[in-house]
Every structure is written in C-alpha cells, then in structure tokens.
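Novice: Residue 16 is where the sequence shown starts when you use the working numbering, and the numbers rise one by one after that.
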Amino acid sequence: MVHFNGVFILHETASLIALSTVPFIASLAIVAVGVAVARGYLVPSKFAARTFAWTVTGVVSISALDAWIFAGVVVRGFALPATVPIFGIPVPGVVAPLFDVVPFGVLTGFLIGVYDARRLDQQESIARLSRINETLRITTREMVEENDRAVLEQAVCDRLAESEPYDGVWLGHYHDDEAVIRPVAWSGLPDEYVESITVTVDERATGGGAGGRAIRTGEIQTVPDVFADPTMEPWYDLFESHDVASLAVVPIVHEDTVYGCFSIYADRRNVFDEREAGVLSEVGESLGHAIASIEARDLLETRERELAEQNERLEEFASVVSHDLRNPLNVAEGYLEMARSTGDDDNLARVADALDRMDDLIEDLLSLAREGSTVDEFEAVALADVASEAWETAGSESATLHLADDLGTVVCDVSRVRQLLENLFRNARQHGGADVTVTVGRLDDGFYVADDGPGIPEAERDSVFGAGYTTHETGTGLGLDIVRSIASAHGWKVSLTESDAGGARFEFRGVAREETDHTRDDA
Numbered sequence: 016m017v018h019f020n021g022v023f024i025l026h027e028t029a030s031l032i033a034l035s036t037v038p039f040i041a042s043l044a045i046v047a048v049g050v051a052v053a054r055g056y057l058v059p060s061k062f063a064a065r066t067f068a069w070t071v072t073g074v075v076s077i078s079a080l081d082a083w084i085f086a087g088v089v090v091r092g093f094a095l096p097a098t099v100p101i102f103g104i105p106v107p108g109v110v111a112p113l114f115d116v117v118p119f120g121v122l123t124g125f126l127i128g129v130y131d132a133r134r135l136d137q138q139e140s141i142a143r144l145s146r147i148n149e150t151l152r153i154t155t156r157e158m159v160e161e162n163d164r165a166v167l168e169q170a171v172c173d174r175l176a177e178s179e180p181y182d183g184v185w186l187g188h189y190h191d192d193e194a195v196i197r198p199v200a201w202s203g204l205p206d207e208y209v210e211s212i213t214v215t216v217d218e219r220a221t222g223g224g225a226g227g228r229a230i231r232t233g234e235i236q237t238v239p240d241v242f243a244d245p246t247m248e249p250w251y252d253l254f255e256s257h258d259v260a261s262l263a264v265v266p267i268v269h270e271d272t273v274y275g276c277f278s279i280y281a282d283r284r285n286v287f288d289e290r291e292a293g294v295l296s297e298v299g300e301s302l303g304h305a306i307a308s309i310e311a312r313d314l315l316e317t318r319e320r321e322l323a324e325q326n327e328r329l330e331e332f333a334s335v336v337s338h339d340l341r342n343p344l345n346v347a348e349g350y351l352e353m354a355r356s357t358g359d360d361d362n363l364a365r366v367a368d369a370l371d372r373m374d375d376l377i378e379d380l381l382s383l384a385r386e387g388s389t390v391d392e393f394e395a396v397a398l399a400d401v402a403s404e405a406w407e408t409a410g411s412e413s414a415t416l417h418l419a420d421d422l423g424t425v426v427c428d429v430s431r432v433r434q435l436l437e438n439l440f441r442n443a444r445q446h447g448g449a450d451v452t453v454t455v456g457r458l459d460d461g462f463y464v465a466d467d468g469p470g471i472p473e474a475e476r477d478s479v480f481g482a483g484y485t486t487h488e489t490g491t492g493l494g495l496d497i498v499r500s501i502a503s504a505h506g507w508k509v510s511l512t513e514s515d516a517g518g519a520r521f522e523f524r525g526v527a528r529e530e531t532d533h534t535r536d537d538a
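1. I need the DSSP call for S278, collapsed to helix, strand or coil.
2. Near W406, what residues of its chain come up, given a Cβ to Cβ distance below 7 angstroms and the 5 sequence neighbours on each side ignored?
3. Could you check if A86 belongs to the surroundings of the ligand COA, using beta carbon to heavy atom distance under 6 angstroms?
4. Could you tell me the distance, in whole angstroms, from the CA atom of V22 to the CA atom of L43?
5. Just tell me which of V48, A243, A63, D258 has its CA closest to the CA of Y181.
6. Tell me A395's beta-bridge partners as DSSP assigns them.
7. CB-CB under 8 angstroms to A516, same chain, minus the five flanking residues each way: which ones, in chain order?
8. From E626 to H505, what distance separates their C-alpha atoms?
9. H269 to T72, Cα distance in whole Å?
10. Assign I40 to buried or exposed, taking buried as 16 or more other Cβ atoms, counted over all protein chains shown, within 10 Å of its Cβ.
11. What residues match up with P107 in a beta bridge as DSSP calls it?
12. With three or more C-beta pairs closer than 8 angstroms as the rule, is the region 299-315 touching the region 245-259?
13. Closer than 6 angstroms by C-beta to S514: which residues in its own chain qualify, once you throw out the five before and the five after it? Chain order, please.
14. Might you give, ordered along the chain, the residues of its own chain that have their beta carbon closer than 7 angstroms to the beta carbon of D476, omitting 5 neighbours on each side?
15. Can you give me the Cβ contacts of P469 inside the same chain, cut-off strictly under 8 angstroms, excluding the 5 residues immediately before and after it?
16. Determine the DSSP secondary structure at R320, reduced to helix, strand or coil.
17. May I have a chain-ordered list of the beta strand (DSSP E) segments no shorter than 3 residues that lie completely inside the region 167-243?
18. Pull up the distance between the alpha-carbon of L135 and that of F277, whole angstroms please.
19. Taking Cβ positions, are L495 and V479 nearer each other than 7 angstroms?
20. By a C-beta neighbour count over all protein chains shown, 10 Å radius and 16 as the cutoff for buried, is T215 buried or exposed?
21. For D308 versus T155, is the C-beta spacing smaller than 7 angstroms?
22. Return the residue from the list S35, G275, R174 that minimises the CA-CA distance to E193.
23. May I ask you to report which of helix, strand or coil DSSP gives S514?
24. Could you spell out the range, first to last residue, of the beta strand (DSSP E) harbouring F85?
25. Where Y484 and R164 are concerned, what is the direct C-alpha to C-alpha distance, given to the nearest angstrom?
26. Per DSSP, which one or two residues make a beta bridge with R457?
27. List the endpoints of the continuous beta strand (DSSP E) containing A519.
28. For V429, tell me which candidate among E352, E412, A502 has the shortest Cα-Cα distance.
29. Should G233 and P266 be called a contact, given that it needs their Cβ atoms to be closer than 7 angstroms?
30. Taking the continuous alpha helix (DSSP H) assigned at V46, which residues delimit it?
31. For the candidate residues E177, E179, S202, whose alpha-carbon lies nearest to that of L186?
32. Note down, in chain order, each residue of its chain lying with its Cβ closer than 7 angstroms to the Cβ of V526, except the 5 sequence neighbours on either side.
33. Can you tell which of N442, P205, I471, A474 has its C-alpha closest to the C-alpha of I497?
34. Going by the CB atoms, is the gap between H188 and R197 shorter than 7 angstroms?
35. Alpha carbon to alpha carbon, what distance is there between I235 and L295?
36. Quick one: what does DSSP say I471 is sitting in, helix, strand or coil?
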C-alpha cells in the first residue's frame with residue numbers, strides 16, 4: 016500500500032517515482048509468493064509457518080540495518096562530506112555509508128552460505144547413505160542367493176566396484192601358515208596390478224599396512240590419504256600408477272575365523288567416513304557368515320554323500336551275507352551231516368573247502384568295511400617297493416611280476432595302495448592262471464597294472480567294479496570293488512582296457528607324485 020501510494024497517488028518527481036517502482040514490484044512479488052506458500056505450492060504446507068518466520072526474520076534484520084544507516088545520517092546532520100579519508104585515501108562521501116552496510120552484507124551472506132553448505136552436505140550424506148544401503152542390499156542378496164564361494168566372492172567384488180565412488184575392489188584369502196593374503200577375485204582393476212600385489216601379516220614392511228592391520232585386529236582399516244600414511248609406502252608406486260588416493264580394507268570374519276579381506280580403492284581422498292566404514296564392516300561380517308554357511312553346506316553334502324555310500328556298502332554287505340555266505344554255509348552243513356552219517360573223510364574235505372570260501376568272503380567284507388571314502392594321511396613312496404611287497408602276499412612262485420624301471424614315487428596311503436595291488440595281482444592269478452605275467456608300468460599322470468591272461472570282454476568292462484561281479488567259480492566278486500573304493504578314496508580315476516598281450520589292463524590316473532621323483536633304486 017505504501018509503495019502503491021508513492022507511485023500512483025503522490026505524483027512526485029520522476030526520479031522518486033522510479034525509486035518507488037522497484038519496491039512496488041517487489042511487494043507484488045511478495046504477495047504472490049506469500050499466497051503460493053500459504054496454499055502449499057512452493058513448499059509443503061507443514062513448512063509454511065517456518066517460511067513466514069524466516070520472512071519476519073528478514074524484515075527485522077533489514078529494518079535494523081536500515082535503522083543503523085538512518086542513525087548514521089542523523090548523527091552526521093543529514094549532510095555528507097564531499098570526501099572521507101580512509102587510510103589517507105580520499106573516498107567520496109556518498110560512498111562512506113556503504114562501508115557501514117558491508118559488514119552486515121558479508122555476515123548475512125556468510126550465514127546463508129554456511130546454511131546452504133550444511134544443507135548440501137546433508138543432501139550428499141543422504142545420497143551417500145542411500146548408495147551405501149543399496150550396496151549393502153545388493154551384496155546381501157548375492158550372499159543369500161549364491162552357494163559357491165568363488166562365485167560369491169567375485170559377485171561381491173563386482174557389486175562393490177559398480178558403486179560410486181569406488182574405482183576398484185580386490186578380495187584375498189588369508190593363509191595363516193604363510194602369513195600372506197593372496198588375491199582371488201577382483202573388479203575394476205587390471206589383472207597385472209592385482210597379481211603384483213604383495214600383502215603379508217608379519218613384521219615385514221608389507222605386513223604393516225592396512226591389510227595386515229585388518230587381519231590382525233579383525234576390524235576395518237581406512238586410509239583417507241594413502242600418500243600421507245607411511246605404512247602404505249611399499250605400495251606407493253602401485254597407487255600412483257593407478258590413481259589410488261584413499262582406500263579401505265575390510266576383514267572377512269566369522270566368529271574366530273578370519274577368511275581374508277577385501278580392499279576398496281577410490282581416486283579421491285577422504286571417501287570412507289565413519290558411516291561408510293560401518294556399512295562396509297557389515298558387508299565383511301555378512302560375507303564371513305555366508306562363507307561359513309557355504310562351508311557348512313558343503314560339509315553337510317559331503318557327509319550325506321558319505322552316508323549314502325555307507326548305506327550302499329551296507330546293502331552290498333547284506334547281499335553278500337544273505338547270498339554268498341549262505342551258499343557255502345549250506346554246503347558245509349550238508350557235507351558235515353553226510354560225514355557224520357557215513358564217516359567219509361572226503362565229505363570233511365568239502366566242508367573245509369566251503370569254510371575256506373567263507374573265510375575269503377569274510378576277509379573281503381572286512382576290507383570293504385575298513386575302507387573310508389577319503390584318505391587323510393599321504394606320504395611319497397616308491398611304487399616299485401609297494402608293488403614288490405604286495406606280490407609277496409598275493410603272487411605265486413610260478414607267476415611273474417615285471418616292474419617298469421621308471422615307476423617313480425606316488426603320494427598315497429601306503430597300506431591301502433598295497434591292498435589295491437594285492438587284489439589286482441590275486442585277480443590276475445585267478446583269471447590268468449598260475450603262470451600269469453603281471454606288469455606294473457608308468458603313465459603320464461599315474462600307473463597301470465596289466466596281465467597276459469584272457470582279458471575281460473569289452474561289454475563287461477563297465478560291470479567288473481560292481482560288488483558281487485565275478486567270472487571265477489571261487490571269486491568273491493568283491494576284489495575289484497575294493498580296488499575301485501581305494502582309488503576313489505585317493506581321488507584317482509580307474510579304468511579297464513585291454514593289455515598289449517590281450518589280457519586285462521587297469522589304468523589309474525590323477526595320481527599325485529612328489530616334485531622330485533625317486534626311482535626304485537633311490538628308494
């Protein structure tokens with residue numbers, strides 16, 4: 016109303032009208048903005064009162080400033096000097112009052128700038144928190160859905176590397192026996208960079224950095240500026256070549272087990288604040304729980320497989336006991352009854368044969384019962400020596416054992432491998448005759464046992480390792496099943512083919528050997 020009066024009613028000079036026009040236009044804008052605020056257009060209705068309160072604050076502040084300027088004019092007697100000396104420099108008097116206004120303007124601008132900066136920082140914090148929570152959500156989903164450790168670790172690296180402002184991530188396993196962390200998965204980093212990383216957990220310089228501290232303490236380690244941290248000096252060249260400015264190393268732990276850690280790189284300083292570090296620590300703990308669950312699941316599956324194998328073996332036992340043992344037992348009972356009634360010693364001899372047959376079956380059953388599904392203790396032994404010892408037990412004077420000169424060593428359970436060879440030698444004698452020749456030779460990744468007997472038809476080779484399979488009238492049908500079980504316990508693959516002499520040839524592959532192989536003479 017005041018400014019309307021100055022423009023349209025007073026009809027003062029053109030200069031005064033012009034001066035009144037600007038405040039008048041501003042007043043109209045204030046009315047429009049006020050109506051919009053009151054109706055909830057510019058700001059939510061719940062903040063309308065707050066907005067008007069700031070308006071009142073502005074009115075009071077400007078009014079106080081205006082009063083201050085007016086007071087200065089009154090004190091000076093409404094007259095401004097032509098010039099005012101400031102540090103000896105004459106300044107026009109009309110400009111002098113502006114110097115009284117400047118501090119108020121600077122203070123007001125500074126306070127508004129602080130307010131604006133704090134608002135921007137809050138917005139960035141909210142955006143960062145949203146990003147961090149999204150990263151946590153995605154990585155947690157990967158952990159829940161994945162049941163393969165290697166795939167899970169790579170997926171976590173991929174998800175973290177996709178999150179701004181991270182530039183690269185690598186994950187390493189901790190080897191306690193060597194006190195070293197070896198990278199196994201990475202994303203956003205070149206292969207040659209990761210392969211050149213050396214991180215230890217010992218007293219060396221490479222053990223004093225963030226990685227070593229994370230493993231020792233089990234807590235996240237953040238480095239706001241890698242080049243300002245002297246413990247990171249061993250990797251300065253690597254960081255400089257890949258523009259790494261800050262990093263965080265997060266341990267992967269579950270209860271008292273430290274599986275390893277993952278390192279996150281950023282190309283600017285001070286990326287990992289307290290909130291970010293807290294969320295990344297949760298990722299490390301969650302990943303540790305997920306790995307522990309995968310290991311427990313794998314162990315359970317292994318136990319289930321072992322139980323299934325044991326149940327299968329029990330069924331085999333039941334089959335042999337109910338059938339193969341019952342037959343010779345019935346024979347022995349029949350001939351024993353005849354011997355009692357007739358007194359004929361020939362009948363007793365048949366009883367003895369039946370009992371020997373039962374003894375063979377029982378021995379083979381006990382052998383199967385003793386064999387586990389895995390081998391826990393290994394040692395490197397000369398294969399020729401083991402074969403010779405097995406021949407002393409299962410060979411014969413009329414049969415011949417030929418050992419290749421380059422058999423070398425095998426890493427195995429000696430007792431079980433000797434039993435494996437004994438069964439193969441006994442099988443060769445039963446089917447190849449008393450004068451059979453058995454050869455033990457070397458393969459690139461294992462060894463073979465061959466004979467010059469009649470061999471096994473190709474159509475039957477897939478069945479010979481089954482329990483109860485035999486083509487010999489005195490065979491138990493368990494010998495080759497024992498061979499298969501022992502080979503499987505070592506992680507070997509066994510196959511049957513034809514030997515050069517037309518007999519049977521059993522090949523064992525995937526056999527571990529000592530790095531420095533010993534010959535038979537060395538043993």
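Quick reminder that beta carbons are idealized off the backbone N, C-alpha and C, glycines included.
Specialist: From the atom records:
1. Counting from 1 along the sequence shown, the entry for residue 278 is found at position 263. Residue state, collapsed to three classes: strand.
2. Taking the first residue of the sequence shown as 1, we reach residue 406 at position 391. Excluding sequence neighbours, W406 sits near L416, F440.
3. For the structure depicted, the ligand COA is absent and the ligand set is empty, with no information on it obtainable.
4. One-based indexing of the sequence shown puts residue 22 at position 7. One-based indexing of the sequence shown puts residue 43 at position 28. V22 and L43: Cα-Cα distance of roughly 13 angstroms.
5. The residue labelled residue 181 in the question sits at position 166 within the sequence shown. Measuring from the Cα of Y181, the nearest candidate turns out to be D258.
6. Locating residue 395 in the sequence shown gives position 380, counting from the first residue. A395 is bridged to V426.
7. Translated into positions along the sequence shown, residue 516 becomes position 501. T452, A465, D466, D467.
8. Because the chain is modelled from 16 through 538, residue 626 falls outside the range shown and cannot be assessed.
9. Taking the sequence shown and counting its residues from 1, the one referred to as residue 269 is at position 254. Taking the sequence shown and counting its residues from 1, the one referred to as residue 72 is at position 57. In a straight line, the C-alpha of H269 is about 56 angstroms away from that of T72.
10. As a position in the sequence shown, residue 40 is number 25, starting the count at 1. I40 is exposed by the Cβ-count criterion.
11. Residue mapping note: residue 107 aligns to position 92 of the sequence shown, counting from 1. Looking at the DSSP assignment, P107 forms a beta bridge with T98.
12. no
13. Working through the sequence shown from its first residue, we reach residue 514 at position 499. So the list reads A465, R520, once near-sequence residues are dropped.
14. On the sequence shown, residue 476 is found 461 positions in, with the first residue counted as 1. One detail in the question is off: residue 476 reads as Arg in this sequence, not Asp. Only L511 meet the Cβ criterion.
15. Stepping through the sequence shown from its first residue, residue 469 is reached at position 454. Hits under 8 angstroms: H446, G447, G517, G518.
16. Reading the sequence shown from its first residue, position 305 is the one you call residue 320. Residue state, collapsed to three classes: helix.
17. 183-190, 195-202, 236-238
18. For the purposes of this step, residue 135 is taken as the residue at position 120 of the sequence shown. For the purposes of this step, residue 277 is taken as the residue at position 262 of the sequence shown. Cα-Cα distance, rounded: 31 angstroms.
19. On the sequence shown, position 480 is the one that residue 495 refers to. On the sequence shown, position 464 is the one that residue 479 refers to. For L495 and V479, yes; Cβs fall inside 7 angstroms.
20. As a working note, residue 215 is residue 200 in the sequence shown. Buried, since its Cβ has 16 or more Cβ neighbours within 10 Å.
21. The residue you call residue 308 lines up with position 293 of the sequence shown. The residue you call residue 155 lines up with position 140 of the sequence shown. Looking at the sequence provided, one finds Ser at residue 308 rather than Asp. No, these two residues do not count as a Cβ contact at 7 angstroms.
22. Stepping through the sequence shown from its first residue, residue 193 is reached at position 178. Checked all of S35, G275, R174; the closest Cα to E193 is G275.
23. Position 499 of the sequence shown holds residue 514. Coil, per DSSP.
24. Counted from its first residue, the sequence shown places residue 85 at position 70. No beta strand (DSSP E) contains F85, which is instead part of the alpha helix (DSSP H) from 63-90.
25. Stepping through the sequence shown from its first residue, residue 484 is reached at position 469. Stepping through the sequence shown from its first residue, residue 164 is reached at position 149. Annotation note: pLDDT 48 at Y484 (below 50); position unreliable, coordinate value reported separately. Taking the straight line joining both Cα atoms gives about 41 angstroms.
26. Position 442 of the sequence shown, counting from 1, holds the residue named residue 457. Answer by DSSP bridge pairing, in chain order: F462.
27. Position 504 of the sequence shown, counting from 1, holds the residue named residue 519. Start and end: 519-524.
28. As a first step, residue 429 is located in the sequence shown; it is residue number 414 there, counting from the start. It is A502.
29. As a working mapping, residue 233 is identified with position 218 in the sequence shown. As a working mapping, residue 266 is identified with position 251 in the sequence shown. The answer is yes: Cβ separation under 7 angstroms.
30. Taking the sequence shown and counting its residues from 1, the one referred to as residue 46 is at position 31. Start and end: 29-53.
31. For this step, residue 186 is matched to residue 171 along the sequence shown. Per the Cα distances, S202.
32. Indexing the sequence shown from 1 puts residue 526 at position 511. Closer than 7 angstroms at the Cβ level, and outside the excluded window around V526, lie V425, D460, G461, F462, W507.
33. For the purposes of this step, residue 497 is taken as residue 482 along the sequence shown, with counting starting at 1. Ranking the options by Cα distance to I497, first place goes to N442.
34. Here residue 197 is taken as the residue at index 182 of the sequence shown, counted from 1. Here residue 188 is taken as the residue at index 173 of the sequence shown, counted from 1. Yes; because the gap between Cβ atoms is below 7 angstroms, this pair is in contact.
35. As a working note, residue 295 is residue 280 in the sequence shown. As a working note, residue 235 is residue 220 in the sequence shown. Their backbone Cα atoms lie some 8 angstroms apart in a straight line.
36. Along the sequence shown, one-based indexing puts residue 471 at 456. In this structure, I471 counts as coil in the three-state DSSP scheme.
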